[in-house]
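Heads up: the sequence shown runs through residues 6 to 501, numbered per the numbering used here.
Below is one structure, written out as structure tokens; the observations come after it.
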Amino acid sequence: MNIVTYLIMGLVLTSFGLPMMAQSETRKSEIIGAVGEQADDALFSVHQAVNALADGWVNKTFEEKQALELATSYRGSAELVDGLVKGKSEDVKRTSGLLVKQATALEAWIKIGDEALAETYRKLKEQADAAMAGGAEMGPEMGATVAQGETIELKIVKSVAPGGKEGDLGTMTVTRKSKELPLEVKWAYADGGSDQGLCVPFPNSGEMAVFYGEGVKSVHIFKIDGKNITGCWASVEGNPKIRSIRLTQADNVNDYDIVGVEGGKFSVMAFKGGMASVTWKFKGGLEVSGIGVWKGDYLAAIDVEPKAKAGVLLYSMAPDGKTATCRWIMNDVSGVGEETLEVTAMSPNFLTGGGSPTVTATAGNVRDEVRQIAEQLRENLGNAVQYRPSTSQINAISATLNDAELLRAYVEEVYTQIPSTGPAAKPGQNEILVEGPDLKDLPGGYTQKIKHFRPGTDIYRFKYVAPGQDIGMSYDGLIKVKDQWIFIPKAWRAFK
6 MNIVTYLIMG
16 LVLTSFGLPM
26 MAQSETRKSE
36 IIGAVGEQAD
46 DALFSVHQAV
56 NALADGWVNK
66 TFEEKQALEL
76 ATSYRGSAEL
86 VDGLVKGKSE
96 DVKRTSGLLV
106 KQATALEAWI
116 KIGDEALAET
126 YRKLKEQADA
136 AMAGGAEMGP
146 EMGATVAQGE
156 TIELKIVKSV
166 APGGKEGDLG
176 TMTVTRKSKE
186 LPLEVKWAYA
196 DGGSDQGLCV
206 PFPNSGEMAV
216 FYGEGVKSVH
226 IFKIDGKNIT
236 GCWASVEGNP
246 KIRSIRLTQA
256 DNVNDYDIVG
266 VEGGKFSVMA
276 FKGGMASVTW
286 KFKGGLEVSG
296 IGVWKGDYLA
306 AIDVEPKAKA
316 GVLLYSMAPD
326 GKTATCRWIM
336 NDVSGVGEET
346 LEVTAMSPNF
356 LTGGGSPTVT
366 ATAGNVRDEV
376 RQIAEQLREN
386 LGNAVQYRPS
396 TSQINAISAT
406 LNDAELLRAY
416 VEEVYTQIPS
426 TGPAAKPGQN
436 EILVEGPDLK
446 DLPGGYTQKI
456 KHFRPGTDIY
466 RFKYVAPGQD
476 IGMSYDGLIK
486 VKDQWIFIPK
496 AWRAFK
């Protein structure tokens, strides 16, 4: 582990309640100083640590004394990093200055507890987040550096290979270098061997499709919801940008029509135990085939050359983010392998930080996106769980920290009431109407409680109606936060 990774892990692990090694100020100076020319990475790690501490403070993860000690430590780290970026671009120096202000404001807020200081912190956080994200305030080089810090490390604690033999133990590291590109995966086995591949995650979930080996052309992850499939995929060659896809069931139960300009058909033959064979037939006559592995509603698949030595894996993170399971198969090998893994380290918001578009949209049309989400929920309202908001997303739409606390508690309650199965629409309600974001188009509760939402928060409602009707099953509370959709049914009720 290099010194930058060590620094990142040492600072960030506190956000997950893991013990951080005690470090004197002198030792911390040595660590950050050792980064030298890689000060950008140190800048990122301290920023992540400050954000994680603030989230933990809001969620009462830390006692006041512990939180204040960490805040003071992080403010000192930010000041040290600020000294390292001298000579770098104006954007980087400006970002470093913002981080010092953000860390100082957090320390003051925790120490004094004043709401005005909380608002000051949040404004500085927004500015620092925007700069660290590689926006207008920063150049593309720094944006790429930021992305390099989003990593999850897992330990393979149990492995069974296809056929029932004992599999390889070791570690697995997944790194996001860009929100638009597939994630890089590396395995290091206990016997000294290694593998590498690419990962495509399913948005707003802990499901990831991964491949390794040779002869693979593309990797895909699908969520099958009755007659509809949504998914993401990436080409291994050429332009590897992650793209979204939507399919609808054709006449044959195993065939699906590819929606959009590409067109064509996708066929999947699922076998007992989790194996699957897949075929794509595109307009123009191109036909490719591959293998897949499925579990529950999710399918991971690859387009792979016949006889090539390659495999596809479907990873499923546990809800608490501490463990994961994996089901995998190899090309031209019978049987399914399984793994149990423990998360040893994970960057904040790794699972929701990007890497996949939310849904397929036509020219970025928001109303089309709402309709597509409604289609996903039509046959099974339980699918709404993939749009459950994170703490940071709740904070992003709340006017004050108190509002965020109320909304977070409401989300906890409402998601225990959403049925895990069952259709959102009634029979015959085959059309979808989209309303909002004008308040006059939404339930009156939003007009009364809009002061509790941050200005600029657009809220949408969708209805399932019979043809020619405007009354039907109605659902409100769809909100887009930084290109990710969240769903808080009747969100205004949080402030009753």
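The C-beta atom is built at its ideal place from N, Cα and C for all residues, glycine as well.
Would you please state the rounded distance, in angstroms, between the beta carbons of residue i and residue j? I believe it to be under 8 Å.
i: V105; j: E84; result: 6 Å
i: G202; j: S321; result: With a Cβ gap of about 17 Å, G202 and S321 do not count as contacting.
i: D134; j: T396; result: Not quite, the Cβ-Cβ distance comes to about 14 Å (not below 8 Å), so this is no contact.
i: P394; j: I491; result: 4 Å
i: L346; j: V165; result: That belief does not hold up - the Cβ atoms of L346 and V165 are roughly 13 Å apart, past 8 Å.
i: L73; j: K116; result: 6 Å
i: T178; j: K160; result: Actually they do not touch by this definition, with Cβ atoms about 10 Å apart.
Per DSSP, what are the beta-bridge partners of residue i in this structure?
i: P206; result: M213
i: Y415; result: DSSP lists no partner for Y415.
i: R332; result: L319, E343
i: E189; result: T180, L203
i: L438; result: K468
i: D230; result: N233
i: S272; result: D260, T284
i: E524; result: For residue 524 there is no data in the structure shown, the boundaries of the chain being 6 and 501.
i: H225; result: W238, A306
i: Y194; result: G175
i: G218; result: A315
i: A458; result: Sequence check: residue 458 is Phe here, not Ala. According to DSSP, which records beta bridges pairwise, F458 is partnered with S403.
What are the boundary residues of the beta strand (DSSP E) that includes residue i?
i: I491; result: 489-492
i: D260; result: 260-263
i: Q381; result: Q381 -> not in any beta strand (DSSP E); alpha helix (DSSP H) instead, spanning 371-383.
i: E344; result: 342-351
i: R181; result: 175-181
i: Q254; result: 248-254
i: W497; result: From DSSP, W497 is part of no beta strand (DSSP E); its letter is neither H nor E.
i: D481; result: 478-486
i: I157; result: 155-165
i: I296; result: 292-300
i: A306; result: 303-309
Looking at C-alpha atoms only, which residue of the options is the closest neighbour of residue i?
i: I476; options: A281, W114, V215, E440; result: E440
i: L48; options: V97, F67, L75; result: V97
i: Q474; options: C331, L444, G433; result: G433
i: W285; options: L406, Q398, W238; result: W238
i: T462; options: D373, G231, S403; result: S403
i: L174; options: G340, E417, G316, E344; result: E344
i: A54; options: L89, K70, D488, K130; result: K130
i: G279; options: D119, A305, R99; result: A305
i: A389; options: A108, F458, A429, R372; result: A429
i: A323; options: K312, V348, R332, G301; result: V348
i: E436; options: G449, S78, A379; result: A379
i: T180; options: P442, Q381, E158, K163; result: E158
i: G243; options: S223, I229, S183, T253; result: S223
i: C331; options: D325, G340, L318; result: L318
i: G342; options: E155, A108, E292, K170; result: K170
i: D488; options: F467, N233, Q398; result: Q398
Below 6 Å CB to CB, which residues in the same chain sit around residue i once its five sequence neighbours on both sides are set aside?
i: S82; result: V51
i: A496; result: G482
i: N56; result: none
i: M213; result: C204, P206, Y320
i: N400; result: A409
i: K485; result: none
i: Q391; result: N209, S210
i: Q132; result: L103
i: E30; result: Residue placement at E30 cannot be trusted, given a pLDDT of 48 that sits under 50; the coordinates are not used to answer.
i: V293; result: W285, D308
i: K327; result: V348
i: T156; result: T180, S352
i: Q454; result: Checking the displayed sequence, the identity of residue 454 turns out to be Lys instead of Gln. For K454, where only same-chain residues beyond five positions count, the Cβ hits under 6 Å are W497, F500.
Using a Cβ-Cβ cutoff of less than 8 Å, which residues in the same chain neighbour residue i once the five nearest sequence positions on both sides are dropped?
i: K431; result: Y469, G477, M478
i: S199; result: K191, W192, A193
i: A315; result: F216, Y217, G218, E219, G220, V221, I307, V309, M335, N336
i: T365; result: A caution first: T365 carries a pLDDT of 39, below 50, which makes its placement in the model too unreliable to give a value.
i: T77; result: E112
i: K232; result: T253, Q254, E384
Starting from residue i, trace the alpha helix (DSSP H) in both directions and tell me its first and last residue.
i: K454; result: 449-454
i: L399; result: For clarity, residue 399 is Ile in the given sequence; the question names Leu instead. Where I399 is concerned, the enclosing alpha helix (DSSP H) stretches over 396-402.
i: K70; result: 69-89
Leaving out five residues on either side along the sequence, give the residues of the same chain with a beta carbon under 7 Å from the beta carbon of residue i.
i: A255; result: Y261, D262, K270
i: Y451; result: L444, I464, W497
i: W114; result: L122, A123, Y126
i: D230; result: D302, Q381, E384, N385, N388
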